[in-house]
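In the UniProt record's numbering, the protein residues as written are 1 to 521.
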Amino acid sequence: MDCPSLEGSDDSDWEECDDDESEGSVLCLFCMEELVSAEDVFQHCNTEHQFNVQKFVIKNNLDMYGYIKFINYIRSEKPPPTGISESPPGTEAPWDSDQYLQPVLQDDPLLFYDVEEWTNQAPVTMETEESDITLPSQQYRALLERLHQAEARSEVTEGQLHDALKDIDRLRQTAKTFILSDQSKDQHALQPSHGAVAQLREDEDAAYFSSYSHFSIHMDMLQDKVRTESYRDFITTNQHLFKDKVVLDVGCGTGILSMFAARAGASQVIAVDQSEIIYKAMDIVRENNLNHVIKLIKGRVEDIQLPVEKVDVIISEWMGYFLLFESMLDTVLYARDRWLAPGGSVYPDRCTISLIAIGDTKMHSNRVAFWDDVYGFKMTCMRSDVTKEGSVEEIDPETVMSEPSLIKMVDCCSVSVAELDFTADFSLKATRDGTCTGIGGYFDIVFEKDCTNKVYFSTAPNCMKTHWKQTLFLLEKPVDMKQGDLLSGKISVKKNKKDPRALVIRIEIANAGQVLDFQLQ
Ligand code: SAH
Numbered sequence: 001m002d003c004p005s006l007e008g009s010d011d012s013d014w015e016e017c018d019d020d021e022s023e024g025s026v027l028c029l030f031c032m033e034e035l036v037s038a039e040d041v042f043q044h045c046n047t048e049h050q051f052n053v054q055k056f057v058i059k060n061n062l063d064m065y066g067y068i069k070f071i072n073y074i075r076s077e078k079p080p081p082t083g084i085s086e087s088p089p090g091t092e093a094p095w096d097s098d099q100y101l102q103p104v105l106q107d108d109p110l111l112f113y114d115v116e117e118w119t120n121q122a123p124v125t126m127e128t129e130e131s132d133i134t135l136p137s138q139q140y141r142a143l144l145e146r147l148h149q150a151e152a153r154s155e156v157t158e159g160q161l162h163d164a165l166k167d168i169d170r171l172r173q174t175a176k177t178f179i180l181s182d183q184s185k186d187q188h189a190l191q192p193s194h195g196a197v198a199q200l201r202e203d204e205d206a207a208y209f210s211s212y213s214h215f216s217i218h219m220d221m222l223q224d225k226v227r228t229e230s231y232r233d234f235i236t237t238n239q240h241l242f243k244d245k246v247v248l249d250v251g252c253g254t255g256i257l258s259m260f261a262a263r264a265g266a267s268q269v270i271a272v273d274q275s276e277i278i279y280k281a282m283d284i285v286r287e288n289n290l291n292h293v294i295k296l297i298k299g300r301v302e303d304i305q306l307p308v309e310k311v312d313v314i315i316s317e318w319m320g321y322f323l324l325f326e327s328m329l330d331t332v333l334y335a336r337d338r339w340l341a342p343g344g345s346v347y348p349d350r351c352t353i354s355l356i357a358i359g360d361t362k363m364h365s366n367r368v369a370f371w372d373d374v375y376g377f378k379m380t381c382m383r384s385d386v387t388k389e390g391s392v393e394e395i396d397p398e399t400v401m402s403e404p405s406l407i408k409m410v411d412c413c414s415v416s417v418a419e420l421d422f423t424a425d426f427s428l429k430a431t432r433d434g435t436c437t438g439i440g441g442y443f444d445i446v447f448e449k450d451c452t453n454k455v456y457f458s459t460a461p462n463c464m465k466t467h468w469k470q471t472l473f474l475l476e477k478p479v480d481m482k483q484g485d486l487l488s489g490k491i492s493v494k495k496n497k498k499d500p501r502a503l504v505i506r507i508e509i510a511n512a513g514q515v516l517d518f519q520l521q
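Laid out in structure tokens, this is it:
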């Protein structure tokens, strides 16, 4: 059949071509008989030669190219219909060569037959345990589609179930907390002081520990000379406290305190940290050949087991902003109550928090009065946000305008977690005339129990800077003071119930009629 080229073609040419096709010129695959159409050839092959082309194509999963090669293969090699075997999967079929893409007959109508229609509609056989089931392919596809949808739905449901189980777990924890706290009212003296931090679930506290996994925070701490050298001096100048002792380092970070203790003669140092930084500590300890003394444990102090019953000394650098931020002291007290041998010590042992009056009208107006006129607009509702947050910053010692007032003393060897939420009176005596615009807070640390060399450091504004800086609570309404005047009131410091690592602080200034609530978070 000679089909016209497309160039200059018109519909009549195509009709002519179709007409040619209907004139009985499709040669059989296995004999010389010419039939009217491709379908007739397939019919003829089936009845005369017992070869079902459609079935063969479907069974062998032939696509358009495979089919064309197959037709040309039969036409050129002329195998008997009985000699055409199916090709097992993975083997190369005899027609599977590109040479059979070349038409044997010019314009062979069989080559234009759309066999993909067969394969699309072909029934699919599924194997089941009892017998094979054959489905039309459309039904099979619909079934597959429903299966995928069912899978997607079950994935969503699984997620919801997981969330629901988590909620139940949370509820269970809350109920437990209620019951325990109720019991503790009756048996206060018998209960070890675990506190809210110990009850945090691992996932609730994950962000806290991941903040300690990056090297930079450890670099800041190690480079804080006041901090690190105080620990070093305490340990190296009081070696009798460590010689042949079992030491627990609560929150070892890079392992610096453990290594000081090992160098001071500790027989064993157990170093614990939940943060990933402990993997670095393992390398560091090995690098310094101290792995025979220091044993590192990855985990939350509240969850782990120690390889010993009791320890003689606990060292830890747990202090946060305003001393108690982070509530890591709870963890140290937990370790103390669980593992410290009778007569053992926790270092540092004495810590205090103090307040001072700050007079810095320029800074106050930059932060508070600023909102009264912003490019000619009033934004006064923003003022209260500024005065609700305690800010961690370096307070200029020149702005300090009172003597300090000590509001809390903590003895780490005896304090309980409950005592870390406290209320105290304060009284700030003005050292000069001026306007008090805020109250500053800082802490002091002392290593003294059984020490031959006491070591002390302070984070007050007039001392050497530390990474803890100071904490500033701005007054809503500044208070004018004369030298010798007292600014007095009450401060309460408590853990934030929703986030026990954060603090809520209330300052009541009795003689200025102000009640200020701050968050430290
Ligand atoms: N001791 C080190 C690091 C101090 S930072 C040094 O002085 O440089 C406090 C460390 O305590 C962090 O690495 C933190 O991950 C760890 N930590 C805090 N609470 C913990 C807990 N409950 N269990 C285990 N590690 C804790």
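The C-beta atom is built at its ideal place from N, Cα and C for all residues, glycine as well.
Determine the DSSP secondary structure at residue i, reduced to helix, strand or coil.
i	result
R400	The sequence shown places Val at residue 400, not Arg. Three-state result, V400: strand.
S258	helix
D425	strand
M64	helix
R506	strand
I277	helix
K469	coil
Q139	helix
D411	strand
residue 522	Residue 522 falls outside the range modelled here, since the chain spans only 1 to 521, and no answer is possible.
I395	coil
A189	Note that A189 scores 37 on pLDDT, short of 50, meaning its location in the model is unreliable and no value can be drawn from it.
G253	coil
T47	helix
M481	strand
Q268	strand
Just to check, is the beta-carbon of residue i closer than 7 Å to a non-hydrogen atom of the ligand SAH?
i	result
C252	yes
I491	no
I256	yes
H218	yes
S230	no
M259	no
E317	yes
I168	no
D425	no
R263	no
T236	no
L333	no
L248	no
L269	Note on residue identity: the sequence assigns Val, not Leu, to residue 269. Not under cutoff, so the answer is no.
R300	yes
Please state if the CB of residue j and the CB of residue i are separated by a distance shorter than 8 Å.
i	j	result
R432	M401	yes
I270	L290	no
C351	C412	yes
V346	R338	no
I439	S354	no
A281	T254	yes
P461	Q470	yes
V272	I297	yes
V313	K388	no
residue 525	L29	This structure does not reach residue 525, given that the chain is present from 1 up to 521, and the question cannot be answered.
D330	G195	yes
V446	D349	yes
Apply the 10 Å Cβ neighbour rule to residue i and answer buried if 16 or more other Cβ atoms are within range, or exposed otherwise.
i	result
R146	exposed
R501	buried
N72	buried
A261	buried
M464	exposed
I304	exposed
I277	buried
L190	Unreliable placement is indicated for L190, whose pLDDT of 35 sits below 50; no coordinate value is reported for it.
E302	buried
I168	exposed
residue 531	Outside the shown range of the chain, which is 1 to 521, sits residue 531, and nothing can be said about it.
M379	exposed
C31	exposed
N120	exposed
H218	buried
A266	buried
V504	buried
Run through the DSSP bridge pairs and tell me what residue i is partnered with.
i	result
residue 530	Limits of the chain in this structure are 1 at one end and 521 at the other, which puts residue 530 out of reach.
S76	DSSP lists no partner for S76.
D517	R506
V53	DSSP, once it has assigned bridges, lists no residue as partnering V53.
Got a sec: does the ligand MN put a non-hydrogen atom nearer than 7 Å to the Cβ of residue i?
i	result
Y208	This structure lacks the ligand MN; its bound ligands are the ligand SAH.
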